[in-house]
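Written below as structure tokens is the structure these notes are about.
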Amino acid sequence: MNPYILTTLVFALGLGTTTTFASSHWLLAWMGLEINTLAIIPLMAQHHHPRAVEASTKYFLTQATAAAMLLFSATTNAWLTGQWDILQMSHPLPVTMATLALALKIGLAPLHSWLPEVLQGLDLTTGLILSTWQKLAPFALLLQIQPVNSPLIITLGLASTLVGGWGGLNQTQLRKILAYSSIAHLGWMILVLQFSPSLTLLSLLTYFVMTFSMFLIFKLNKATNVNSLATSWAKAPALTSLTPLVLLSLGGLPPLTGFMPKWLILQELASQSLPAVATLAALSALLSLYFYLRLSYAMTLTMSPNNISGATPWRLPQTQLTLPLATSTIAALSLLPLTPAAMALLKF
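Under full-length UniProt numbering, the sequence shown has 60 at position 60, and the numbering climbs by one with no breaks.
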């Protein structure tokens, strides 16, 4: 892609998200989401592969549906209450519609089925943008409307953690596994949204760090399915020995970074007299942990096939920048001791 066009699209992505962040009026927030969607579609379709074009089309249709639903909920709110302000959305009907529209935008279960299919059709760089940056604007709106419809939010959260766990069990494609991982993590964030928005924000940030690290590791290894992970030892031995720890951090095991949000969320749910929800969420984390362990096993404990059809690829000099990878990997492994500082900053 032409660097000028690429720069314009990346700036448009930033502009769309920033517009949504800065807006207090529903029309401006909706406009930011639309700029965001229209900026990422050319990035998705840049390789002219049928799968990439299909992924772009699916993404466009789902995002357009969600945006139309969001605009309809804002209009309904204006009709019922006379308010276009995001913070003044008080009627239960538009709040529920807006919550479902934003759930479709970020890919929460049961509105999730587009996410694995779209992510599978993209390259790892665009997939990384879709899994991290594209979640920011809808989450900003969710945090602002503060949906208090407890049964709906808890249903969305639990469904997402369970679907994210079950869906990834039988996958062999890494991008689909990361998509289901994303759905499960989003479920954890949504579960605690109405009780502690700051905790949702902390979970989102730790999820970004771990996912960023994982995508960059797969990109460095040029790996797209589980079998291709077996050749990682030949390419980057030190990184391959650290990768299982990043995967276990995504699974939420102590003493790694990923344990912090899960621990605090379970604590918050228990303090809100929701022990059954906390137990189900904790059990669903075991499902996710299983496929992270599968990836760890495939990467570190299996030998690559040495026949002609599966010959070990050439070990060429890397062109990828290693500083972002090193920073995100260290952050994904070692931020747990900063939990008291995070709690103080976010004033739990």
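By construction, the Cβ of each residue, glycine as well, lies at the ideal position given by its N, Cα and C atoms.
Output the boundary residues of the alpha helix (DSSP H) element that contains residue i.
i, result
"Q144", "W133 to I145"
"I154", "S150 to G168"
"L253", "Unbroken run through L253: none, as it is neither H nor E."
"Q317", "Here residue 317 is Pro; the residue named in the question, Gln, does not match the sequence. Segment: none, P317 is in no alpha helix (DSSP H) and carries neither H nor E."
"T327", "L323 to S334"
"I265", "F259 to S271"
"W233", "S232 to K235"
"L93", "P92 to I106"
"P340", "T339 to L346"
"T302", "Looking at the DSSP string, T302 is not in any alpha helix (DSSP H), and its letter there is neither H nor E."
What residues match up with residue i in a beta bridge as DSSP calls it?
i, result
"N225", "Q173"
"D123", "Its beta-bridge partners do not exist; DSSP assigns none."
Going by C-alpha distance, which of the options is nearest residue i?
i, options, result
"L87", "S23, L119 and W114", "S23"
"F139", "L345, Q194, G258 and H49", "Q194"
"T92", "A270, L152 and A285", "The question names Thr, but residue 92 in the sequence shown is Pro. If we check each option's Cα against that of P92, L152 comes out closest."
"P94", "L80, G251, L333 and Q272", "L80"
"S131", "Y180, L293 and L289", "Y180"
"Y297", "T257, W263, T243 and A236", "T243"
"G165", "I177, Q173 and A98", "I177"
"V163", "S288, T339 and Q144", "S288"
"I129", "S284, H112 and F208", "F208"
"L71", "L61, A45 and L33", "L33"
"F21", "N36, L286 and I217", "N36"
"S198", "V277, L283, L115 and L142", "L142"
Just to check my reading of the structure: residue i and residue j have Cβ atoms closer than 8 angstroms, yes? What is that Cβ distance to the nearest angstrom?
i, j, result
"residue 358", "F259", "There is no way to answer for residue 358, as the model of the chain reaches only from 1 to 348."
"K262", "W188", "7 angstroms"
"T161", "A184", "5 angstroms"
"A66", "A101", "5 angstroms"
At 4 residues or longer, and completely inside the stretch 6-68: list those alpha helix (DSSP H) runs for me, N to C. 26-44
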